[in-house]
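Single-structure report; data block below.
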Amino acid sequence: MTWSTVAPAVTAAFLASLVEVVEAFTIVLAVATLRGWRPAALGTTAGLAVLAGIVLLLGPLLDRVPISSLQLAIGILLLLFGMGWLRKASLRAAGVIPLHDEDAIFSAEAAELTEQASRRRRNLGWAAGVTALKAVLLEGLEVVFIVIAVGAGRGLLLPASLGALAACALILAIGAVVHRPLSRVPENTLKFGVGVMLSAFGVFWTGEGLGIAWPGQDLALLLFAALFLGAGLIGASLARKLSVEFA
Amino acid sequence: MMTMLKELAAELIGMFVGETRLTISVLVVAAAVGSLVDFIGLDPLLGGAALLFGCLILLVESVCRSARAGAS
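Here the protein sequences come in this chain order: A and B.
Using this note's numbering, the first residue of the first sequence is number 10, and each one after it goes up by one.
Using this note's numbering, the first residue of the second sequence is number 155, and each one after it goes up by one.
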C-alpha cells in the first residue's frame with residue numbers, strides 16, 4: 010500500500026462524501042427544524058443502518074469476484090459516474106445549468122413538510138422521519154458506491170471508509186455549530202474535483218481490467234487527473250462561449 | 155415503501171446514466187478498446203491511450219452539445 014495509491018482513494022472518498030453529506034444534512038435539518046430532532050435522528054439512524062447493511066452485504070461478495078473482472082466493472086462504472094459529475098460541474102461552472110442552492114433546497118423541503126402538516130394532522134412524525142431516511146439513503150448510496158469503487162480491489166476499503174466518515178464528522182460538527190444549511194460550501198468546485206478524480210480512477214481501472222499495464226503504475230493516476238481537469242476546464246470555457254453564441 | 159424503492163432505483167440508474175449519449179459512447183469506447191486489445195492484438199498501451207483520449211474527447215463534446223442545447 011503506497012501513498013500514491015492511498016491518497017487519491019481517501020481524498021476522493023472524503024471530498025465526494027463532503028458533497029453528499031451537505032445535501033443530506035440540508036434535508037435532515039429542515040425536518041429537525043419543522044418537526045423536531047426525534048424524527049430527524051430516527052430517520053437518519055435508519056438510513057445509516059440500511060447503508061451499513063448494503064456495505065456489509067456487498068463487501069464479502071466483492072471478494073469472490075476475480076480481480077480483473079472487478080477492476081473492469083468498477084472502472085467502467087467509475088468512468089460513467091465520474092464523467093457525469095464532471096460534465097455537470099463544467100456546465101454549472103459555465104453558467105449553463107444553475108448551481109446547487111442549499112438554501113433553496115431547505116426552503117422547498119420545509120414547504121413540503123408544512124404542506125403535509127396542513128393536509129393531514131396524523132403521522133407527521135412518521136412522514137418527517139421517512140423524509141430524513143430517504144435523504145440519508147439516497148445521498149448515502151453515492152457515498153457507498155464511491156467508497157466501494159475506490160477501495161475495493163486494492164484493499165483500500167478501510168482507508169476509503171475512514172475518508173467518508175471524516176467528511177460526515179466534519180459536516181456534522183460544522184452543522185451543529187452553525188445550525189443552518191451549509192450554503193457556503195464550494196459545492197461545484199468540490200464536484201469538479203471529485204469528477205476529475207473518479208474519471209481518472211475509472212480510466213486507470215478499466216485499463217487494468219483490460220490487461221493494460223500503465224507506465225508509472227499508480228503515478229499514471231496523477232497524469233489522468235491532470236488531463237481530465239484540463240478537459241473539464243476546456244469544456245466549461247467552450248460551453249460558456251457557446252451558450253452566449255447560441256442565446 | 156414502493157415509492158421509496160422506485161426512487162432508490164431511479165437514483166441508482168441516475169448515478170451512471172446522467173446523459174444517455176455520453177453513457178453509450180463511453181461504453182462503446184471501452185468495448186471497442188477491449189475488443190481491439192483482446193481479438194486484434196492491438197498493443198495494450200495504444201488501447202489505453204485510445205481509452206483515455208476517447209473519454210476526454212467525449213467529455214468535451216458532451217459539455218459543448220449540452221451547452222448548445224441549453225442555450226437554444
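Where a beta carbon is used, it is the ideal one built from N, C-alpha and C, also for glycine.
For clarity, every value in this text was computed on a predicted model and none was experimentally measured.
At 8 Å on the CB atoms, spell out the chain B contacts of residue i, in chain order.
| i | result |
| --- | --- |
| glutamate 269 of chain A | Past the edges of chain A, shown from 10 to 256, lies residue 269 of chain A, and the structure says nothing about it. |
| glycine 62 of chain A | The contacting residues do not exist; glycine 62 of chain A stays about 13 Å from chain B at best. |
| alanine 248 of chain A | Val217, Cys218, Ser220 and Ala221 |
| leucine 147 of chain A | Glu161, Leu162 and Glu165 |
| phenylalanine 233 of chain A | Leu206 |
| serine 208 of chain A | Cys209 and Leu213 |
| leucine 236 of chain A | Leu206 and Leu210 |
| phenylalanine 154 of chain A | Met169 |
Indicate, with yes or no, if the ligand MN has a heavy atom lying under 7 Å from the CB of residue i.
| i | result |
| --- | --- |
| glutamate 196 of chain A | Looking at this structure, you won't find the ligand MN or any other ligand, since it has none at all. |
Name the chain A residues that come within less than 8 Å of residue i, Cβ to Cβ?
| i | result |
| --- | --- |
| phenylalanine 170 of chain B | Leu86, Leu89, Phe90 and Gly93 |
| glycine 224 of chain B | Leu100, Val105, Ile106 and Ser252 |
Should residue i and residue j be called a contact, given that it needs their Cβ atoms to be closer than 8 Å?
| i | j | result |
| --- | --- | --- |
| isoleucine 36 of chain A | threonine 198 of chain A | no |
| leucine 122 of chain A | leucine 43 of chain A | yes |
| alanine 49 of chain A | alanine 176 of chain A | no |
| phenylalanine 237 of chain A | leucine 95 of chain A | yes |
| valine 180 of chain B | leucine 86 of chain A | no |
| proline 195 of chain A | valine 19 of chain A | no |
| leucine 161 of chain B | lysine 143 of chain A | Residue identity check: residue 161 of chain B is glutamate in the sequence provided, not leucine. The answer is yes: Cβ separation under 8 Å. |
| leucine 166 of chain A | glycine 68 of chain A | yes |
| leucine 57 of chain A | valine 152 of chain A | no |
| alanine 21 of chain A | isoleucine 157 of chain A | no |
| serine 26 of chain A | alanine 173 of chain A | yes |
| lysine 250 of chain A | valine 28 of chain A | no |
| valine 40 of chain A | glutamate 111 of chain A | no |
| threonine 14 of chain A | aspartate 227 of chain A | yes |
Please list the partners that residue i has in chain B, where partner means a Cβ-to-Cβ separation under 9 Å.
| i | result |
| --- | --- |
| isoleucine 221 of chain A | Val187, Val191, Pro198, Leu199, Gly201, Gly202 and Leu205 |
| glycine 216 of chain A | Val187, Pro198, Gly201, Gly202, Leu205 and Leu206 |
| glycine 244 of chain A | Leu213, Val214, Glu215, Ser216, Val217, Cys218 and Ala221 |
| glutamate 151 of chain A | Glu165 and Met169 |
Given that residue i touches chain B, what residues does it touch there, using C-beta distances under 7 Å?
| i | result |
| --- | --- |
| alanine 240 of chain A | Leu210, Leu213 and Val214 |
| valine 212 of chain A | Leu205, Leu206 and Cys209 |
Could you tell me how far apart the beta carbons of residue i and residue j are, in whole angstroms, since I believe they sit closer than 8 Å?
| i | j | result |
| --- | --- | --- |
| glycine 204 of chain A | glycine 149 of chain A | Actually they do not touch by this definition, with Cβ atoms about 19 Å apart. |
| glycine 211 of chain A | glycine 84 of chain A | 5 Å |
| proline 75 of chain A | leucine 230 of chain A | Not quite, the Cβ-Cβ distance comes to about 22 Å (not below 8 Å), so this is no contact. |
| tryptophan 214 of chain A | glutamine 80 of chain A | 5 Å |
| glycine 104 of chain A | serine 252 of chain A | 7 Å |
| leucine 212 of chain B | leucine 176 of chain B | 6 Å |
| glycine 216 of chain A | leucine 205 of chain B | 6 Å |
| alanine 221 of chain B | leucine 100 of chain A | 7 Å |
| glycine 218 of chain A | serine 77 of chain A | 5 Å |
| glycine 172 of chain B | glycine 93 of chain A | 3 Å |
| glycine 224 of chain B | isoleucine 106 of chain A | 7 Å |
So residue i contacts chain A; which residues on that side make the cut at Cβ distance below 7 Å?
| i | result |
| --- | --- |
| valine 180 of chain B | Leu88, Leu89 and Met92 |
| methionine 158 of chain B | Lys143 |
So with CB distances below 9 Å, who are the chain A contacts of residue i?
| i | result |
| --- | --- |
| leucine 176 of chain B | Leu89, Met92, Gly93 and Arg96 |
inquiry  = Could you check whether the region 234–252 of chain A touches the region 179–188 of chain B, counting it as contact only if at least three pairs of C-beta atoms, one from each stretch, sit closer than 8 Å?
reply    = no
task = Would you be able to state if there are at least three C-beta pairs under 8 Å between the region 171–180 of chain A and the region 58–74 of chain A?
result = no
query = Do the region 161–168 of chain A and the region 33–53 of chain A make contact, defined as three or more Cβ pairs closer than 8 Å?
reply = no
task = Entirely within the region 69–115 of chain A and at least 4 residues each: give me those alpha helix (DSSP H) ranges in chain order.
result = 76–102
key: Ranges of the alpha helix (DSSP H) found wholly within the region 159–200 of chain A, counting only runs of at least 4   = 166–187
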